[in-house]
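Reading through the structure tokens given below for one structure.
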Amino acid sequence: MLQTRFTKLVGVEHPIVQGGMQWVGRAELVAAVANAGALGFITALTQPTPEDLTKEIARCRDLTDKPFGVNLTILPAIKPPPYAEYRAAIIESGITVVETAGNKPQEHVDEFRKHGVKVVHKCTSVRHALSAERMGVDAISIDGFECAGHPGEDDTPGLILIPAAANKVKIPMIASGGFADARGLVAALALGAEGINMGTRFMATKESPIHQSIKEKIVANDERETELIFRTMRNTSRVARNAVSTKVVAMEKEGAKFEDIRELVAGARGKMVYATGNSDEGIWSAGQVQGLIHDIPSCAELVSRIVSEAQAIIRSRLEGMIVQPQREAAE
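Have a look at this one:
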């Protein structure tokens, strides 16, 4: 077993996290991750109302007696969701750990911590990580440029971002973006992280609540099958390459504004991808890590494999590279 400051903080066996994913972070996946000894997060805003979130948390508790959390992402919107009500639902349901993401979560961090809820905040830069640390969060999830979803605007890949953040952040930190196997976990630990966060990899599992065709598409794709949309609007998002995302990128290059592409990128269309299995139905998130995903295991199989192979890499391959210098023969 690999024990880190993060596993001790959140009370799980393994330093592996399934972060919040819109339309994907539902009870059946989160419970399977928890039962495997890792930490899963229900995605709050996947649920239409705070009342639905309360029911989803209860449904997850029916499927596992292990710790799990809830993701609450705060993003600018013309009509913002009732964040305070979602937050209250999380607290009243007895959730002990929350993953926050997005803009200025101070109000939420303060309220969660007042009720003894540990907060893991997602960041895409060292400066944002340090700001979150000052804000009082308990841990950081640092997202490299390889990640699915929003990688920020600095374009800093994990191989640089993780150790740069580890040099300055004092609280536990997990690494996100580009992780799918034991090699990634060992590398993240070596770079100074206390565990890894996986999104795309957990999408391609038996318990993932998305269409089998999309899981198979992730397996078939390689590391080149993503697009960066919203670059011209400085709200970059990494999504799977398909007919819609390539059209959006082309329109942006021609000067399109958000209102010109609004219908193409609508969340309702992206949701249908996971329901119908038509990968060209709309925009859907996927990372470059698709190139490292070659099967569709259960969550238990995946977590067990990553942990056992990580231990083997550390004990056998890496330790085997350490040799004692031979003393010069006495003259």
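Okay, so the sequence shown: first residue is 847 according to my numbering, each after it adds one. Beta carbons are placed, not taken as given, at the ideal position from N, Cα and C, and that holds for glycine.
- When C-beta atoms of the stretch 901-920 are compared with those of the stretch 877-891, three or more pairs fall below 8 Å, so the two segments count as touching.
- Within the same chain, and ignoring the five residues on either side of Asn1043 in sequence, the residues whose Cβ sits closer than 6 Å to its Cβ are Val863, Gly865, Ser987, Ile1020, Ser1022.
- Taking the Cα positions, Ser1150 is about 7 Å away from Ala882.
- The three-state secondary structure of His961, taken from DSSP, is coil.
- Three or more beta-carbon pairs drawn from the stretch 986-1001 and the stretch 1124-1141 are found closer than 8 Å, and the two stretches are therefore classed as touching.
- The Cβ atoms of Ile1060 and Val1119 sit closer than 8 Å to each other.
- Between Glu874 and Glu1053, the C-beta spacing is below 8 Å.
- In this structure Gly1024 is in contact with Gly1004, their Cβ atoms being roughly 5 Å apart against a cut-off of 8 Å.
- Here the C-alpha atom of Asp908 lies approximately 18 Å from the C-alpha atom of Val858.
- Beta bridge pairing from DSSP links Gly1128 with no other residue.
- The DSSP-derived three-state label of Glu945 is strand.
- In this structure, the alpha-carbon of Gln1172 lies about 49 Å from that of Val983.
- In the structure shown, Asn1043 adopts extended strand secondary structure according to DSSP, grouped into three states.
- Between Ile1139 and Thr1046 the beta-carbon gap is near 7 Å, inside 8 Å, which marks them as a contact.
- In this structure, the alpha-carbon of Val955 lies about 21 Å from that of Thr895.
- Within the same chain, and ignoring the five residues on either side of Gly871 in sequence, the residues whose Cβ sits closer than 7 Å to its Cβ are Phe887, Ile888, Thr889, Thr892, Asn917.
- For secondary structure counted as the beta strand (DSSP E) over 3 or more consecutive residues, the stretch 1008-1060 holds these complete runs in sequence order: 1019-1022, 1042-1044.
- Annotation for Phe1104: the continuous alpha helix (DSSP H) segment containing it runs 1104-1107.
- The Cβ atoms of Lys1014 and Leu976 lie closer than 8 Å to each other.
- Secondary structure note for Val1095: its alpha helix (DSSP H) is the uninterrupted segment 1089-1099.
- In the DSSP secondary-structure assignment, Asn917 is bridged to Thr889, Glu945.
- DSSP places Leu1074 in the uninterrupted beta strand (DSSP E) bounded by 1072-1075.
- In the structure shown, Cys1145 falls within a helical segment according to DSSP collapsed to helix, strand and coil.
- Only residues of its own chain outside the window of five on either side were considered, and among them Val870, Arg872, Glu874, Leu875, Tyr1120 have a CB closer than 8 Å to the CB of Pro1055, listed in chain order.
- For Leu1037 against Ala1156, the beta-carbon gap comes to about 14 Å, at or over 8 Å, which does not count as contact.
- In the three-state DSSP reduction, Ile1168 falls in the coil class, being neither helix nor strand.
- Secondary-structure assignment with DSSP links Ile986 through a beta bridge to His967, Met1019.
- Val1085 is bridged by DSSP to Glu1073, Ser1131.
- Gly1137 carries a helical assignment under DSSP once its states are collapsed to helix, strand and coil.
- Measuring C-alpha to C-alpha distances from Ala1050 to each of Leu1164, Ser1154, Cys1145, Arg1163 identifies Cys1145 as the nearest.
- If the five residues before and after Pro1009 are omitted, its C-beta is found closer than 7 Å to the C-beta atoms of Leu1037, Gly1038, all from its own chain and listed in chain order.
- For Val972, the enclosing alpha helix (DSSP H) stretches over residues 972-981.
- Here the alpha carbon of Lys964 sits roughly 24 Å from the alpha carbon of Val1153.
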